[in-house]
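Asker: Below you'll find the structure I mean.
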Amino acid sequence: MKTIFFSLLLAAFCLLACSDNSSGPEVLLPVPKIFPNPPDMSEQERGIDAIEDMDAFIIEWQPDEQYEGFELYRRAENEEKYQLVKTIGKQDSFFVDVVADSNVQLNMRYYYYIRGFDEKKHKSEPSDTVDYKLLPKAMSLSESMAEKLMFHWSVPDFSFESYVLKLYDITAEEYIWIMRVYTSYQGTDESVGFNTDGNAKISQLTRNQHYRWRIDVVGPSPNSGSESNWKYFIKQ
Numbered sequence: 000m001k002t003i004f005f006s007l008l009l010a011a012f013c014l015l016a017c018s019d020n021s022s023g024p025e026v027l028l029p030v031p032k033i034f035p036n037p038p039d040m041s042e043q044e045r046g047i048d049a050i051e052d053m054d055a056f057i058i059e060w061q062p063d064e065q066y067e068g069f070e071l072y073r074r075a076e077n078e079e080k081y082q083l084v085k086t087i088g089k090q091d092s093f094f095v096d097v098v099a100d101s102n103v104q105l106n107m108r109y110y111y112y113i114r115g116f117d118e119k120k121h122k123s124e125p126s127d128t129v130d131y132k133l134l135p136k137a138m139s140l141s142e143s144m145a146e147k148l149m150f151h152w153s154v155p156d157f158s159f160e161s162y163v164l165k166l167y168d169i170t171a172e173e174y175i176w177i178m179r180v181y182t183s184y185q186g187t188d189e190s191v192g193f194n195t196d197g198n199a200k201i202s203q204l205t206r207n208q209h210y211r212w213r214i215d216v217v218g219p220s221p222n223s224g225s226e227s228n229w230k231y232f233i234k235q
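Using numbering that gives the first Met the number 0, the letters of the sequence shown map in sequence onto residues 0 to 235.
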């Protein structure tokens, strides 16, 4: 009788243990989507990329109501391990890393990934990894008008692969000309005439119209570059 009793008791404990271990399925959050570096000639620049207002670049990802927030991790190219940079609420879907804050440096590549988490702190698997190397900006942007409209700028050195000039019509609220300009290797001063490639949306600018333009530096390695500040002018 005792043998039967202990056998039943052991079976009850096993049943209870099995029940406890299968109390619910494991919570699996979807892997968040982080955006890679956009193409150099793109009008819509969503993803890890330089920004024009300062020496900094932006990391962007897809917002999702399934997450309560995100953890952003970063590693410099000369580091072995990723470090948690910041925990970010679900209301934000970007982070700006600024050189002035001594967080990042020019001419150094950085790698990033994010993890989403829910209210109970369940975490997703890491997202894809994105990377960027911020280079010095183009400076001293100016325009001149002799026989044709010319755009001029300077760079700290001429080790860059190429530049992308982006001309924006402020009134029409659209880009009217985007052109890749290859390095001349003649010094640190560069220039190009308007619509040299014939791909501008208009053949000539409208008098008394407001425009802005900038120069994006394109580095010799993938996902590297910078964006100058916008230069504003009125077509005379």
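Don't be surprised by glycine CBs; every beta carbon is placed ideally from N, CA and C. Only a predicted model underlies this, so the values are computations on that prediction, with no experimental measurement involved.
#1: I need the straight-line Cα distance from A137 to E226, nearest angstrom please.
#2: Taking the alpha-carbon positions, what's the H209 to K230 distance?
#3: Between the segment 115-124 and the segment 139-157, do three or more beta carbon pairs fall short of 8 Å?
#4: Can the beta-carbon of N194 be found closer than 8 Å to that of S202?
#5: DSSP puts M107 in a beta bridge; with which residues?
#6: Less than 8 Å separating the beta-carbons of Q65 and L27?
#7: Helix, strand or coil: how does DSSP classify V30 here?
#8: Rounded to whole angstroms, how far is the Cβ of Y131 from the Cβ of N36, which I believe are closer than 8 Å?
#9: Look at the alpha carbon of M144 and the alpha carbon of D156, and state the distance between them as a whole number of angstroms.
#10: Count Cβ pairs between the segment 159-175 and the segment 52-71 that sit closer than 8 Å; are there 3 or more?
#11: Once the 5 residues before and after F94 are set aside, which same chain residues still bring their CB inside 6 Å of it?
#12: Within 10 angstroms of its Cβ, does Y181 collect 16 or more other Cβ (buried), or is it exposed?
Answerer: Considering the structure as presented:
#1: Against the sequence shown, residue 137 aligns to sequence position 138. Against the sequence shown, residue 226 aligns to sequence position 227. Note on geometry: alpha-carbon atoms of A137 and E226 lie some 7 Å from one another.
#2: Walking along the sequence shown from the start, residue 209 turns up at place 210. Walking along the sequence shown from the start, residue 230 turns up at place 231. Looking at the backbone, the Cα of H209 and that of K230 are separated by about 11 Å.
#3: The segment 115-124 is not in contact with the segment 139-157.
#4: Along the sequence shown, one-based indexing puts residue 194 at 195. Along the sequence shown, one-based indexing puts residue 202 at 203. With contacts defined as CB atoms closer than 8 Å, N194 and S202 qualify as a contacting pair.
#5: Stepping through the sequence shown from its first residue, residue 107 is reached at position 108. Its beta-bridge partners do not exist; DSSP assigns none.
#6: Position 66 of the sequence shown, counted from the start, is the residue given in the question as residue 65. Position 28 of the sequence shown, counted from the start, is the residue given in the question as residue 27. Taking the C-beta atoms as reference points, L27 is found no nearer than 8 Å to Q65.
#7: Walking along the sequence shown from the start, residue 30 turns up at place 31. Of the three classes helix, strand and coil, the one that applies to V30 here is coil, per DSSP.
#8: Working through the sequence shown from its first residue, we reach residue 131 at position 132. Working through the sequence shown from its first residue, we reach residue 36 at position 37. With a Cβ gap of about 6 Å, Y131 and N36 count as contacting.
#9: For this step, residue 144 is matched to residue 145 along the sequence shown. For this step, residue 156 is matched to residue 157 along the sequence shown. Distance between the alpha carbons of M144 and D156 is about 26 Å.
#10: At 8 Å Cβ cutoff, the stretches do not touch.
#11: Working through the sequence shown from its first residue, we reach residue 94 at position 95. Cβ within range, chain order: I58 and L71.
#12: As a first step, residue 181 must be located in the sequence shown, where it is residue number 182. Per the 10 Å Cβ criterion, exposed.
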